[in-house]
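Working notes, structure below.
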Amino acid sequence: ILNVEQSPQSLHVQEGDSTNFTCSFPSSNFYALHWYRWETAKSPEALFVMTLNGDEKKKGRISATLNTKEGYSYLYIKGSQPEDSATYLCAFMTGGSYIPTFGRGTSLIVHP
Amino acid sequence: DVKVTQSSRYLVKRTGEKVFLECVQDMDHENMFWYRQDPGLGLRLIYFSYDVKMKEKGDIPEGYSVSREKKERFSLILESASTNQTSMYLCAAAGATQETQYFGPGTRLLVL
Chain A
34 ILNVEQSPQS LHVQEGDSTN FTCSFPSSNF YALHWYRWET AKSPEALFVM
84 TLNGDEKKKG RISATLNTKE GYSYLYIKGS QPEDSATYLC AFMTGGSYIP
134 TFGRGTSLIV HP
Chain B
42 DVKVTQSSRY LVKRTGEKVF LECVQDMDHE NMFWYRQDPG LGLRLIYFSY
92 DVKMKEKGDI PEGYSVSREK KERFSLILES ASTNQTSMYL CAAAGATQET
142 QYFGPGTRLL VL
């Protein structure tokens, strides 16, 4: 079983704060790294898929970076809003497999 | 967009009952997955299927079986439900080339 770690486990911020959290994964046999957002009472939905070292992806106020050599990805949220409150999951995929290994998630709560 | 539906949002069953959780996807994706999600443990893979009638065990298959008779439908079966199978169950689908997972809304199962 591959080790995919997310930190912190939970995070409380005030509206307007910027925040970031980390996904760590094995640096060997990398294929792809996915980020998902899972809001309460909804389905997890895909945010980004990242495949190349140095990749940077952005969607509105959310962005992500990827370092495959050292085995980590950062997710940034600029100017957090209450609607950003969710659990953010990363999923690591190795070459030759279509089965992702999920981290345990970071639970973000943005207080108005 | 891929749509993944699950037969029930909430289920209450008694210990020893046989339980069927149904999942249907509408985008002709080859790969389908069943996960369970428990607090502090993240998403854990129970079973997956890469084609009709094909199935592979995931990380925690004990106490579960699956059926994939048609490409769009993937069923999870609890042969004899036990209280430790109380959990949130998520189904997902992914294409062979896309790998991004599309999730259903989840079934929260309570076994009494």
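For the protein sequence lines, the chains are A and B, in the order given.
Count the first sequence with the working numbering and you get residues 34 to 145, in order.
Count the second sequence with the working numbering and you get residues 42 to 153, in order.
Note that CB positions come from ideal geometry on N, CA and C, so glycine has one too.
Residue(s) in a DSSP beta bridge with Val60 (chain B): Under DSSP, Val60 (chain B) takes part in a beta bridge, and its partners are B:Leu119.
Select from B:Arg85, B:Lys112, B:Met68, B:Ser49 the residue whose C-alpha is nearest the C-alpha of Met95 (chain B). When B:Arg85, B:Lys112, B:Met68, B:Ser49 are compared, the shortest CA-CA separation from Met95 (chain B) is found for B:Lys112.
Interfacial residues, the segment 109–138 of chain A to chain B, with Cβ spacing under 8 Å: Of all residues in the segment 109–138 of chain A, the ones placed with a Cβ closer than 8 Å to any Cβ belonging to chain B are Leu122, Ala124, Met126, Tyr131, Ile132, Pro133, Phe135, Gly136, Arg137, Gly138, in chain order.
Where does Glu103 (chain A) sit, in a helix, a strand or coil, going by DSSP? Three-state DSSP puts Glu103 (chain A) in coil, outside helix and strand.
Pairwise C-alpha distance: Ser113 (chain A) and Trp71 (chain A): Straight-line Cα distance between these residues: approximately 16 Å.
With a threshold of 8 Å between beta carbons, is Leu117 (chain B) in contact with chain A? No, Leu117 (chain B) lies away from the interface with chain A (no Cβ there is under 8 Å from its Cβ).
Can you give me the start and stop residues for the beta strand (DSSP E) that Gly83 (chain B) sits inside? For Gly83 (chain B), the uninterrupted beta strand (DSSP E) run begins and ends at 83–92, by DSSP.
Which same chain residues end up closer than 7 Å to Ser118 (chain A) when comparing Cβ atoms and leaving out the 5 residues on each side of it in sequence? Leu141, Ile142, Val143, listed in sequence order.
Can we say the segment 54–66 of chain A touches the segment 90–106 of chain A, given the rule of at least three CB pairs closer than 8 Å? Taking 8 Å as the limit for Cβ pairs, the verdict is that the segment 90–106 of chain A does touch the segment 54–66 of chain A.
Determine the closest residue to Leu35 (chain A) out of B:Arg114, B:Ser49, B:Glu58, B:Asp100, with distance taken between C-alpha atoms. The shortest C-alpha separation from Leu35 (chain A) is found at B:Asp100.
Figure out for me which residue from A:Arg137, A:Thr52, A:His45 has the closest Cα to the Cα of Ala124 (chain A). Nearest C-alpha to Ala124 (chain A): A:Arg137.
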